[in-house]
Amino acid sequence: MSARSFSAGLLLALLWPNAPDQAARLQHLTPLTMEPVGSALKLYPDDYGFAPFVRSGGQFVLKTRTQVQVIDATSLRVLHTYPFKARVVCAVGLDGDTVVVLSGCRNSTSRTFRLWRIASTSRRSLPVRGLPPVSWPVSFALGDGTWFVARGNGDVDAIDLRTGNVAFHHRARLLQKAGVPYTNATWLGEHRLGLNGTVVDVRTWKRTTLALGARNLLAAEGKIVGWGTNGITVYDDDLHLYRRIARGLPVDSVGLLDGVIYAQVGLAWDLWNVRTGRHLATVLPDTPYLVRLL
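In the working numbering, the protein residues as written are 4 to 297.
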């Protein structure tokens, strides 16, 4: 079977500008060649750099200087636009069909936060009770009606999206790493939260370590993919080891589409067949922008 026969969809990528006054672009890339295809949607940063954004299923939510937008990830058409000007936004997301916004991150010592729930015909907010100041490094993930705020040291604050109440979950030593600590939070579905190379069942807070030293996890196409300083590890949906790929390579980012793993190593992308483990290609995207697959 040829490499091209694996690709039926389009990659979705955020193309970062290489100058601070340029807009970022949300655009599809052709699988395997990673060439831009179709029209691009320009995204403009807020006053603090780039706006908070997240992909949730088939939609993409972002905060610009003056509004929150919901974008269809297939057509790149703006579905909804909500004015949202005067508040410093920590994170945005979707709780079902409702846009949610966490605001209050004015600086690293701010202690007053609000949770906003925005729909086409309504908008309401409630105070977030007990959330400590949010300062870098921090990562957000949303699932099971909860907003998880992962601190650099591995602590996780869980904000209830209905009440604004906060539950605290202290770090495990396995999340610690040399240098500046960072914990990537990723929602994996089925009540599971990824924290670097660890999977947490948020109903019991039981932790399962998949890959020590992994920087991040991704759930896609019935697989859980972890990556970091020692290549890529792929697991089935029951968290059993499925395949190891690119051992020894420092992998910065990973995407999975139609059975092909896209692994960023520096500015180049290595493509692997996840089923066979076969290396398909090395691609240097033909764009002046830095590519982040979504």
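Glycine included, every Cβ here is placed at the ideal spot set by N, Cα and C.
Strictly by DSSP, which residues pair up with residue i?
{"i": "ASN276", "result": "VAL263"}
{"i": "HIS282", "result": "TRP275"}
{"i": "SER256", "result": "GLN267"}
{"i": "LEU215", "result": "Partner(s): none; LEU215 has no beta bridge."}
Just the Cα atoms here: how many angstroms apart are residue i and residue j?
{"i": "LEU44", "j": "ALA27", "result": "8 Å"}
{"i": "GLN72", "j": "SER123", "result": "12 Å"}
{"i": "LEU79", "j": "LEU29", "result": "8 Å"}
{"i": "VAL169", "j": "LEU221", "result": "26 Å"}
{"i": "ASP240", "j": "THR36", "result": "28 Å"}
{"i": "GLY234", "j": "PRO253", "result": "6 Å"}
{"i": "GLY155", "j": "PRO184", "result": "5 Å"}
{"i": "PRO140", "j": "ARG174", "result": "15 Å"}
{"i": "TYR47", "j": "PRO136", "result": "27 Å"}
{"i": "GLU193", "j": "ASP204", "result": "9 Å"}
{"i": "GLY107", "j": "ARG281", "result": "47 Å"}
{"i": "ILE162", "j": "VAL202", "result": "19 Å"}
{"i": "TYR85", "j": "PHE56", "result": "14 Å"}
{"i": "GLY229", "j": "ASP289", "result": "27 Å"}
{"i": "LEU82", "j": "LEU65", "result": "12 Å"}
{"i": "ALA188", "j": "SER125", "result": "29 Å"}
{"i": "ASP160", "j": "GLY133", "result": "10 Å"}
{"i": "PRO39", "j": "LEU14", "result": "9 Å"}
{"i": "ASP75", "j": "GLY146", "result": "20 Å"}
{"i": "LEU129", "j": "GLY167", "result": "6 Å"}
{"i": "ALA217", "j": "THR232", "result": "7 Å"}
Within this structure, are the beta carbons of residue i and residue j separated by less than 8 Å?
{"i": "GLN70", "j": "PHE87", "result": "yes"}
{"i": "ASN276", "j": "VAL257", "result": "no"}
{"i": "PHE143", "j": "VAL131", "result": "no"}
{"i": "TRP150", "j": "LEU198", "result": "no"}
{"i": "GLY41", "j": "ASP98", "result": "no"}
{"i": "LEU259", "j": "ALA214", "result": "no"}
{"i": "LEU164", "j": "LEU118", "result": "yes"}
{"i": "GLY60", "j": "ASP261", "result": "no"}
{"i": "VAL95", "j": "VAL102", "result": "yes"}
{"i": "LEU297", "j": "ARG58", "result": "yes"}
{"i": "ALA284", "j": "LEU274", "result": "yes"}
{"i": "THR212", "j": "GLY225", "result": "no"}
Contact the stretch 241-250 vs the stretch 13-22: 3+ CB pairs below 8 Å
no
What runs of the alpha helix (DSSP H), each 4 residues or longer, lie entirely inside the stretch 13-98?
none
What are the start and end residues of each continuous beta strand (DSSP E) run of 3 or more residues lying completely inside the stretch 130-202, in chain order?
Those beta strand (DSSP E) runs which fall completely within the stretch 130-202 and span 3+ residues are 141-146, 149-154, 159-163, 169-172, 188-192, 195-198.
Would you list, in sequence order, the uninterrupted beta strand (DSSP E) runs of no fewer than 3 residues that lie entirely inside the stretch 224-253?
226-231, 234-239, 244-248
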